[in-house]
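These protein sequences, in sequence, are chains A and B. The opening position of the first sequence corresponds to residue 1 in full-length UniProt numbering, with each subsequent residue numbered one higher. The opening position of the second sequence corresponds to residue 1 in full-length UniProt numbering, with each subsequent residue numbered one higher. Yeah, the Cβ is synthetic: ideal placement off N, Cα and C, and Gly gets one too. In this text, all values refer to a predicted model and were calculated from it rather than measured experimentally. For reference, the structure is listed below as structure tokens.
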Amino acid sequence: MSSIINDERKSNADRQEQLRVSGLYKSYGDTPVLHGVNVSACAGDVISVIGSSGSGKSTFLRCLNLIETPEAGEIFMSGEKLPISYDHKRGAVITNKNKLQQIRSKVGMVFQDFNLWPHKTIYENLVLAPIKVKGVKKEVAYASADHYLNKTGLYEKKDAYPGQMSGGQQQRAAIARALCMEPEIILFDEPTSSLDPELVGEVLLVMKALADEGRTMIVVTHEMAFAREVSNRVLFFRNGVIEDQGPPSHIFGENASDACTKFVNA
Amino acid sequence: MNINAIIEGLPRFIDGVIITVTYAGGSLLIGFFMAIPVALMRSSRNRFFYWFSTGYVTFFRGTPLLAQLFLVYYGAGQFHHELDVIGLWDFFREPWFCAIFTLTLNTTAYTSEIWRGGLQAIPKAEIEAARACGLSDFQLLRHIMFPRALGIGWPAYTNEVVYQIQATSLVSVISVMDITGVARSIASRDFVYYEAFLFAAALYLLLVYGFIAFSRLVEKKLHRHLKDTTT
Numbered sequence: 001m002s003s004i005i006n007d008e009r010k011s012n013a014d015r016q017e018q019l020r021v022s023g024l025y026k027s028y029g030d031t032p033v034l035h036g037v038n039v040s041a042c043a044g045d046v047i048s049v050i051g052s053s054g055s056g057k058s059t060f061l062r063c064l065n066l067i068e069t070p071e072a073g074e075i076f077m078s079g080e081k082l083p084i085s086y087d088h089k090r091g092a093v094i095t096n097k098n099k100l101q102q103i104r105s106k107v108g109m110v111f112q113d114f115n116l117w118p119h120k121t122i123y124e125n126l127v128l129a130p131i132k133v134k135g136v137k138k139e140v141a142y143a144s145a146d147h148y149l150n151k152t153g154l155y156e157k158k159d160a161y162p163g164q165m166s167g168g169q170q171q172r173a174a175i176a177r178a179l180c181m182e183p184e185i186i187l188f189d190e191p192t193s194s195l196d197p198e199l200v201g202e203v204l205l206v207m208k209a210l211a212d213e214g215r216t217m218i219v220v221t222h223e224m225a226f227a228r229e230v231s232n233r234v235l236f237f238r239n240g241v242i243e244d245q246g247p248p249s250h251i252f253g254e255n256a257s258d259a260c261t262k263f264v265n266a
Numbered sequence: 001m002n003i004n005a006i007i008e009g010l011p012r013f014i015d016g017v018i019i020t021v022t023y024a025g026g027s028l029l030i031g032f033f034m035a036i037p038v039a040l041m042r043s044s045r046n047r048f049f050y051w052f053s054t055g056y057v058t059f060f061r062g063t064p065l066l067a068q069l070f071l072v073y074y075g076a077g078q079f080h081h082e083l084d085v086i087g088l089w090d091f092f093r094e095p096w097f098c099a100i101f102t103l104t105l106n107t108t109a110y111t112s113e114i115w116r117g118g119l120q121a122i123p124k125a126e127i128e129a130a131r132a133c134g135l136s137d138f139q140l141l142r143h144i145m146f147p148r149a150l151g152i153g154w155p156a157y158t159n160e161v162v163y164q165i166q167a168t169s170l171v172s173v174i175s176v177m178d179i180t181g182v183a184r185s186i187a188s189r190d191f192v193y194y195e196a197f198l199f200a201a202a203l204y205l206l207l208v209y210g211f212i213a214f215s216r217l218v219e220k221k222l223h224r225h226l227k228d229t230t231t
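So, in structure tokens, the structure goes:
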């Protein structure tokens, strides 16, 4: 069933390009983290990013909205180049803050530790950025929050504070927060890694529903079942490069690289 | 015990309370907001901002308030002519101005450190989440960082207010008639030191615990998100 969806996605060749990354480099001190990463993604792609800890997959994801600044490389998001330039002396420089903020408002992000704002209710967490960043009218922002809270099954929690909810609920709220911005692409940074095992399922279910809607998603994950069944493409990171990539049938099949096969079967 | 001297002096004591509350309240109010840019400068990468704010905070936290008060009140007299030229002598000749001026600079230094601590204690991840949503630097400060820092720093700030209320008693030595000033005057006129200062102490106690009760209410509001939390 899921492979049919994957093939449909793949065959649809003339979809709009949503993301393009070329020559991404990053190091922490003397330790290289990203060593020339090139990726592109089209609208509707669900890309899983896998690899062992320290392989650079999270850093890669965090570079896509410049939460982390790379040392070289170009990133295009929905056709717009991220405003960063590289100066020999000063390192990476954001050349246009307004532009960056505007692009970020179109890119949703979901974090490993949810990162909801603890002093605000779930409602307030959801409407802050739409109202302040996108200038959406209050009524519209709250209606949209209601919609996504219903969708993530959290409507009755709208007046709760994040600290009063379980991890799974917080992560679903964080996903709702990202959705309220009506993003063109959503980045997930190990969204289930901080959750108790029995709470992982509820979050994956929400993510699967988003994938089925045709949303563009890039998901750094350790959930092999998700990578295999929900995504249409998988990137395998190793030592700061994409060592292997392709549809799940390739990554989980016999022709994947040795390291990749070893990793997914571990 | 000479209660009559106190009863007679009651109107003067009430004036003293008004002065104490005005000086403490005024300096705290101005200092609360002035401390914000100082705290931001202290965390700034700009060298001038950093050293300017650090020098300021070091001086006002590292020296006695009484010495600062003398420095401003008596020290200004030495620059009488210079201050006259720029039109500030009319202020610096007045004890009330020197008192509020010094109290404000002093509390600003302490409060800026409370702000700085609060701002630094915010988990980086919460700030990242705000940036990822596209919030501007100002929006980030206004909607995420200041409210969070206020919640974190409020218990420490309550302490600062309590100290400041008591510290205002020093202004009596430059002839300001605050609670302590009135007590000194009544005590020496009628030789009722014990009664006058005991009554003055009771007034400070009332002010301090009045504020602490108020502060508890504020804290409840600031920390309402911590109610019924699982962790």
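Residue i burial status per 10 Å Cβ neighbour count (16 or more: buried)
{"i": "W51 (chain B)", "result": "exposed"}
{"i": "L217 (chain B)", "result": "exposed"}
{"i": "M145 (chain B)", "result": "buried"}
{"i": "I94 (chain A)", "result": "exposed"}
{"i": "H80 (chain B)", "result": "exposed"}
{"i": "R142 (chain B)", "result": "exposed"}
{"i": "S144 (chain A)", "result": "buried"}
{"i": "F13 (chain B)", "result": "buried"}
{"i": "M207 (chain A)", "result": "buried"}
{"i": "P191 (chain A)", "result": "buried"}
{"i": "S43 (chain B)", "result": "exposed"}
{"i": "M181 (chain A)", "result": "buried"}
{"i": "T180 (chain B)", "result": "buried"}
{"i": "D228 (chain B)", "result": "exposed"}
Per-residue contacts from residue i into chain B (C-beta, under 9 Å)
{"i": "M109 (chain A)", "result": "E128, A129, A132 and C133"}
{"i": "R104 (chain A)", "result": "R131, A132, C133, G134 and L135"}
{"i": "L128 (chain A)", "result": "A130, C133, L135, Q139, H143 and I144"}
{"i": "M181 (chain A)", "result": "C133 and G134"}
{"i": "D113 (chain A)", "result": "P123 and A125"}
{"i": "G168 (chain A)", "result": "In chain order: nothing, as chain B lies at least about 13 Å away."}
Residues that residue i contacts on chain B, provided the C-beta gap is smaller than 7 Å
{"i": "P118 (chain A)", "result": "H225"}
{"i": "I67 (chain A)", "result": "E128, R131 and A132"}
Partners in chain A for residue i, counting only beta-carbon separations shorter than 8 Å
{"i": "P155 (chain B)", "result": "Residues of chain A passing the Cβ test: none, with the nearest at roughly 15 Å."}
{"i": "Q120 (chain B)", "result": "Within chain A, no residue comes near Q120 (chain B); the closest Cβ sits about 16 Å away, beyond 8 Å."}
{"i": "V144 (chain B)", "result": "First, the amino acid is wrong: residue 144 (chain B) is Ile here, not Val. What I144 (chain B) touches in chain A: W117."}
{"i": "G151 (chain B)", "result": "H119"}
{"i": "D228 (chain B)", "result": "Q164"}
For residue i, the first and last residue of its enclosing alpha helix (DSSP H)
{"i": "A201 (chain B)", "result": "Y193 to L222"}
{"i": "E74 (chain A)", "result": "No alpha helix (DSSP H) holds E74 (chain A); the beta strand (DSSP E) holding it covers A72 to M77."}
{"i": "I47 (chain A)", "result": "Premise fails: I47 (chain A) lies in the beta strand (DSSP E), V46 to I50, not in any alpha helix (DSSP H)."}
{"i": "D190 (chain B)", "result": "I179 to D190"}
{"i": "L61 (chain A)", "result": "K57 to C63"}
{"i": "S27 (chain B)", "result": "I3 to R42"}
{"i": "L226 (chain B)", "result": "It is not in any alpha helix (DSSP H) - L226 (chain B) carries neither H nor E in the DSSP assignment."}
{"i": "A259 (chain A)", "result": "D258 to N265"}
{"i": "A176 (chain A)", "result": "G167 to C180"}
Limits of the unbroken beta strand (DSSP E) element including residue i
{"i": "R20 (chain A)", "result": "E17 to Y28"}
{"i": "S40 (chain A)", "result": "T31 to C42"}
{"i": "D212 (chain A)", "result": "Premise fails: D212 (chain A) lies in the alpha helix (DSSP H), P197 to D212, not in any beta strand (DSSP E)."}
{"i": "D189 (chain A)", "result": "I185 to D189"}
Neighbouring residues, chain A, relative to residue i (Cβ below 7 Å)
{"i": "P147 (chain B)", "result": "H119"}
8 Å Cβ cut-off: residues of chain B touching residue i
{"i": "Q101 (chain A)", "result": "G134, L135 and S136"}
Considering only residues of the region 214 to 251 of chain A, which uninterrupted beta strand (DSSP E) runs meet the minimum length of 3 residues and lie entirely inside it, listed in chain order?
-> For the region 214 to 251 of chain A, whole beta strand (DSSP E) runs of length 3 or above, ordered along the chain, are 217 to 220, 233 to 238 and 241 to 246.
Could you pull out every unbroken alpha helix (DSSP H) segment of at least 4 residues lying fully inside the region 62 to 149 of chain B, listed in chain order?
-> Listed in chain order, the complete alpha helix (DSSP H) runs (minimum 4 residues) inside the region 62 to 149 of chain B are 65 to 78, 80 to 85, 89 to 92, 95 to 121 and 124 to 132.
Validate contact between the region 231 to 240 of chain A and the region 51 to 68 of chain A using beta carbons, cut 8 Å, 3 pairs | Counting C-beta pairs with one atom in each stretch, the region 231 to 240 of chain A and the region 51 to 68 of chain A have three or more that are closer than 8 Å, which means they touch.
Is the region 79 to 93 of chain A touching the region 121 to 137 of chain B in the sense that three or more CB pairs, one from each, lie closer than 8 Å?
-> Using a Cβ-Cβ distance cut-off of 8 Å, the region 121 to 137 of chain B and the region 79 to 93 of chain A are not in contact, since fewer than three pairs of beta carbons, one from each stretch, lie closer than that value.
Counting Cβ pairs, one atom from each stretch, are 3 or more of them under 8 Å apart for the region 148 to 168 of chain A and the region 95 to 103 of chain A?
-> Not touching, per the Cβ criterion.
At least three beta-carbon pairs within less than 8 Å, the region 181 to 189 of chain A to the region 106 to 124 of chain A = Yes: the two stretches touch, three or more of their Cβ pairs being nearer than 8 Å.
Taking only runs that begin and end inside the region 87 to 146 of chain A, name each unbroken beta strand (DSSP E) of 3 or more residues, in chain order.
-> For the region 87 to 146 of chain A, whole beta strand (DSSP E) runs of length 3 or above, ordered along the chain, are 91 to 94 and 107 to 110.
Should the region 163 to 179 of chain B be regarded as contacting the region 96 to 115 of chain B, the criterion being three or more beta carbon pairs within less than 8 Å?
-> By the C-beta criterion, the region 163 to 179 of chain B is judged to be in contact with the region 96 to 115 of chain B, since at least 3 inter-stretch pairs fall below 8 Å.
Do three or more CB pairs link the region 155 to 174 of chain A to the region 121 to 130 of chain A at distances below 8 Å?
-> The region 155 to 174 of chain A vs the region 121 to 130 of chain A: in contact.
At least three beta-carbon pairs within less than 8 Å, the region 67 to 78 of chain A to the region 246 to 260 of chain A = The region 67 to 78 of chain A makes no contact with the region 246 to 260 of chain A; the number of CB pairs closer than 8 Å stays below 3.
State whether the region 93 to 105 of chain B contacts the region 12 to 27 of chain B, with contact taken as three or more CB pairs (one from each stretch) at a distance under 8 Å.
-> Yes, the region 93 to 105 of chain B touches the region 12 to 27 of chain B.
Members of the region 131 to 160 of chain A near chain C, C-beta cut-off 7 Å | Looking at the structure shown, chain C is missing, and the protein chains on hand are A and B.
Does the region 162 to 182 of chain A come close enough to the region 194 to 214 of chain A to have 3 or more Cβ pairs within less than 8 Å?
-> Contact holds: three or more Cβ-Cβ distances are below 8 Å.
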